[in-house]
Every structure is written in structure tokens, then in C-alpha cells.
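With UniProt numbering, letter number 26 in the sequence shown gets 26, and the count goes up by one each step, no holes.
We put the beta carbon where it would ideally sit given N, CA and C, even for glycine.
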Amino acid sequence: MTNKTEHIEQLILRSIQGNASVSETQELNEWRTAAPENETWYQDLNDTWNCMNDYVPEFDSQKGWDTFLVKKTKKTPRAIWNVWLKVAAVAACVTIGILMYANNNFKAPAQIEHDIVWKTAEGEIISLEQLNENPTSIKNEEVVINVNQYLDAQKSDNEIIVPKGKRVKLLLEDGSIVWLSAETKFKFPASFHGENERIVAVEGEAFFDVSRNEKQPFRVKSTSTEIVVLGTRFNVDNTTRNIDQTTLVSGKVNIEMQGEVTAELTPSEQFTFNGNEMILENVNTDTYVAWTQGSLLFDDIPFPELKKKLERWYGVVITNNNTKLQKQRFSGEFNKNDDIESVMSLLKISNQINYSVKNNIVNIY
Numbered sequence: 001m002t003n004k005t006e007h008i009e010q011l012i013l014r015s016i017q018g019n020a021s022v023s024e025t026q027e028l029n030e031w032r033t034a035a036p037e038n039e040t041w042y043q044d045l046n047d048t049w050n051c052m053n054d055y056v057p058e059f060d061s062q063k064g065w066d067t068f069l070v071k072k073t074k075k076t077p078r079a080i081w082n083v084w085l086k087v088a089a090v091a092a093c094v095t096i097g098i099l100m101y102a103n104n105n106f107k108a109p110a111q112i113e114h115d116i117v118w119k120t121a122e123g124e125i126i127s128l129e130q131l132n133e134n135p136t137s138i139k140n141e142e143v144v145i146n147v148n149q150y151l152d153a154q155k156s157d158n159e160i161i162v163p164k165g166k167r168v169k170l171l172l173e174d175g176s177i178v179w180l181s182a183e184t185k186f187k188f189p190a191s192f193h194g195e196n197e198r199i200v201a202v203e204g205e206a207f208f209d210v211s212r213n214e215k216q217p218f219r220v221k222s223t224s225t226e227i228v229v230l231g232t233r234f235n236v237d238n239t240t241r242n243i244d245q246t247t248l249v250s251g252k253v254n255i256e257m258q259g260e261v262t263a264e265l266t267p268s269e270q271f272t273f274n275g276n277e278m279i280l281e282n283v284n285t286d287t288y289v290a291w292t293q294g295s296l297l298f299d300d301i302p303f304p305e306l307k308k309k310l311e312r313w314y315g316v317v318i319t320n321n322n323t324k325l326q327k328q329r330f331s332g333e334f335n336k337n338d339d340i341e342s343v344m345s346l347l348k349i350s351n352q353i354n355y356s357v358k359n360n361i362v363n364i365y
């Protein structure tokens with residue numbers, strides 16, 4: 001194994017784990033687009049990692065990865081290694097699938113990596129996009145799920161995981177509606193019956209339209225805050241590291257931190273905690289909730305923030321090599337039906353840039 005090969009493998013691992021720096025991501029993306037076999041190699045390693053890591057939470061995936069890579073010898077040609085890799089990837093998935101079926105009666109659908117996934121309280125993993133029966137339907141990348149019809153009443157938690165480029169509209173057992181944005185995890189019980197509060201948790205971004213029940217408050221656990229309501233409409237966003245933001249559209253909510261009420265929001269108010277300070281301000285709520293209607297709306301934001309929104313919205317990776325673009329600010333609106341090519345074409349005209357799109361990787365220069 002050459003030093004270059006080992007270096008690429010480490011870049012892939014850091015990327016899959018979400019630990020790659022900007023320069024490492026750029027280097028990896030350039031390597032992936034340099035040749036079709038590079039992208040194939042990347043996807044094979046990525047699939048194997050997901051088999052080891054996603055389906056069996058208690059599995060020591062780092063140790064397994066190290067063992068997996070060390071099996072190559074210095075004399076192994078790339079062609080033979082690629083064949084061995086594919087066989088190993090399939091073997092890993094099949095072995096894990098058999099273990100899950102035997103021990104937990106799991107179902108591990110093929111090609112689940114980019115699907116919206118439901119993890120049930122029993123540990124079963126379901127690809128919602130591979131279900132053809134009601135109450136799940138897919139419309140314009142939005143999956144609609146009616147929990148009351150789909151699950152038997154139970155108090156134990158379930159989890160929905162939404163990947164990049166997808167959205168979910170969730171109908172809860174109490175009549176509340178929750179929209180989940182891309183790259184979001186949402187934990188909830190199938191039933192709130194017999195509980196003093198209706199408690200859910202979100203990691204990512206979600207919009208809530210809560211059914212009013214004065215006897216049973218609705219509590220949303222975010223990364224650093226908890227939002228307590230009786231019945232209202234609001235958006236929770238903790239997609240940016242160390243920033244926890246709640247935007248109220250209608251009704252009233254209490255923001256709690258460490259068990260005490262920190263703020264009381266009225267419509268059009270937004271509460272932000274950035275790890276150091278708390279900010280309460282009036283905002284145009286349309287900017288923060290338009291995504292629930294299939295629109296990406298942004299107002300005077302820097303390019304790094306726009307880049308992140310586009311990556312989540314369209315399920316792509318964007319590498320920017322244009323330093324002038326990095327310093328500019330943007331306002332606009334894109335519809336979910338606008339593909340990434342249309343978006344980049346508009347940016348090219350308005351900002352005099354060049355770009356390429358290949359294998360869901362966008363390079364700007």
C-alpha cells in the first residue's frame with residue numbers, strides 16, 4: 001500500500017465521520033472527480049462503513065475499519081483490491097444483516113444510506129422510501145407519515161433520520177404536525193397517553209404545529225434549550241454548531257435552560273443561544289419557515305451559510321475555490337423543483353463564476 005493510498009483512505013474516513021477540514025474535503029472532492037474509479041472506490045468504502053456503523057450501534061466501527069484496511073498488502077494491485085473491497089463490503093452487509101435478523105428480527109433494506117430511515121423502539125430499521133403502502137407517501141422529496149395509523153400505541157421512543165436533500169411531514173398521535181428538514185434526527189413516542197407532558201427531541205431543524213392541550217404541555221428538547229408550549233407554531237434550528245434557535249410564528253412558547261424559564265416568546269420573535277449569549281429579536285418568520293412549503297428562502301446571508309443551505313437542500317457537496325465569492329452576501333429564493341444546475345447557473349450569471357457539477361459534487365472556481 002502506497003503512502004498516497006493510505007492518505008486517501010484516511011481522508012475518506014475523516015469525511016465519513018464528519019471530521020474532515022475544509023482543505024481535506026477539497027482535496028478529497030478533487031480526487032473523487034478525477035476518475036470514475038475513484039468515486040467507485042469512495043462509495044464502496046462508504047457503504048462498508050455504514051454497514052459496520054449504522055446497523056449495529058454497539059459495534060466498534062473504528063476498530064473494524066482499521067482491521068478492514070490492514071488486510072491489504074503492499075503487493076496488492078488496485079484492480080484486485082477493488083474486487084476484494086466489493087466482496088468484503090457485501091460480506092459485511094450480509095453478515096450484519098443475518099445477525100440482526102437472528103438476534104433482533106431487524107430488516108436491513110438495500111441502498112438505505114440515502115433514504116429516510118425510521119428506527120423503531122424495538123431496534124428495527126425501516127426505509128420509509130421503500131414502503132409502497134399507506135400511510136407513507138412521497139411527494140416532491142417530502143415523505144408524509146401518519147404515526148397514528150402506522151404504529152401500535154406504545155410509550156417507547158422511535159427515531160426518524162432524514163438525510164440531505166429530503167424532508168418529512170410527520171403526523172403525531174396527538175394531532176400535532178412536525179416538518180423535519182434535511183439532516184435532522186427526531187425522537188418521539190408513538191403515543192403520549194398517560195404522560196404529564198408530550199416530550200420529543202430534535203437534532204437538526206424542525207417546524208412544529210402543536211395541537212393544543214392545556215393539561216398536557218408539549219416539550220421539545222433541543223441541543224441546549226427546551227421549548228415548552230400548549231399549542232402553537234414554531235421553528236427549531238440547531239443545525240449550526242453551538243447555535244440553538246427558536247422562531248415563533250403564532251401562539252406563545254417558553255424557552256427553558258437548565259430547568260428554568262429563560263425567555264417567553266410572542267409571535268415573530270426569535271430566541272438564539274450561541275453558547276455565550278442569549279439574543280431575543282423580531283424577525284420575518286417567512287425566511288425561517290418557507291422550507292416547510294418547499295422553498296429555500298434566504299435574506300442577506302454570507303456565502304458560507306448559503307453553501308451549507310444548498311448542500312442540505314440538494315444533497316450535494318460544494319467546494320468553493322473563488323475567494324471573492326466567499327466574501328459576498330446573498331438574498332433570494334429557490335424552489336424545491338429547481339435543481340442544483342439551475343441554482344448554479346443563476347449564481348454564475350449574477351456573480352461571474354464558473355462551476356462544474358459531477359456525481360453530486362459542485363466545484364466553484
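DSSP lists 247, 281 as the beta-bridge partner residues of residue 270. In the structure shown, residue 189 adopts extended strand secondary structure according to DSSP, grouped into three states. Annotation for residue 274: 242, 243 place their beta carbon closer than 7 Å to its own, counting only its chain and skipping 5 residues before and after. Residue 302 is classed as exposed because its beta carbon has fewer than 16 other beta carbons within 10 Å across all chains shown. Taking residue 197 as reference, the option from 348, 281, 30, 220 with the minimal CA-CA separation is 220. With fewer than 16 other Cβ atoms inside 10 Å of its own Cβ, residue 261 counts as exposed. Between the alpha carbons of residue 4 and residue 15 lies a gap of roughly 16 Å.
Taking the Cα positions, residue 342 is about 11 Å away from residue 314. When DSSP reads this structure, residue 177 sits in a beta bridge with 171, 209. Taken atom to atom, the span from the alpha-carbon of residue 230 to that of residue 288 is near 21 Å. In the three-state scheme derived from DSSP, where H, G and I count as helix and E and B as strand, residue 19 is classed as coil. In this structure, DSSP gives residue 198 an extended state, which the three-state scheme calls strand. Between residue 300 and the set 332, 360, 177, the nearest pair of CA atoms involves 332. Residue 189 counts as buried, since at least 16 other C-beta atoms from the protein chains shown sit within 10 angstroms of its C-beta. By the C-beta density criterion, residue 326 is exposed, having fewer than 16 other C-beta atoms within 10 angstroms. Under the 10 Å beta carbon count, residue 350 is surrounded by fewer than 16 other beta carbons and is classified as exposed.
From the listed residues 178, 215, 31, 10, the smallest Cα separation to residue 319 is found for 31. Beta-bridge partners assigned by DSSP to residue 365: none are found.
Here residue 340 carries a helix assignment [DSSP, helix/strand/coil].
Listed in chain order, the beta strand (DSSP E) runs fully inside the UniProt domain "Protein FecR C-terminal" (296 to 363) are 317 to 320, 329 to 335, 355 to 358, counting runs of at least 3 residues. No residue range can be given for residue 121, since it is assigned to no beta strand (DSSP E) and is classified by DSSP as neither H nor E. By the neighbour-count definition (other C-beta atoms within 10 Å, threshold 16), residue 175 is an exposed residue.
Among the bridge pairs identified by DSSP, residue 228 is matched with 219, 254. About 6 Å separates the beta carbons of residue 185 and residue 159, which is inside the 8 Å limit, making them a contact pair. Cα atoms of residue 169 and residue 116: separation of roughly 12 Å, rounded to the nearest angstrom. Cα atoms of residue 165 and residue 201: separation of roughly 21 Å, rounded to the nearest angstrom. Following the DSSP letters along the chain, one finds residue 265 inside the beta strand (DSSP E) bounded by residues 260 to 265. Proximity to residue 181 across 207, 22, 328, 282 peaks at 207, based on C-alpha coordinates. Per DSSP, the continuous beta strand (DSSP E) segment holding residue 158 begins and ends at 157 to 162.
Between the alpha carbons of residue 211 and residue 171 lies a distance of about 11 Å. The Cβ atoms of residue 39 and residue 33 sit closer than 9 Å to each other.
The DSSP-derived three-state label of residue 287 is helix.
When 334, 157, 144 are compared, the shortest CA-CA separation from residue 124 is found for 157.
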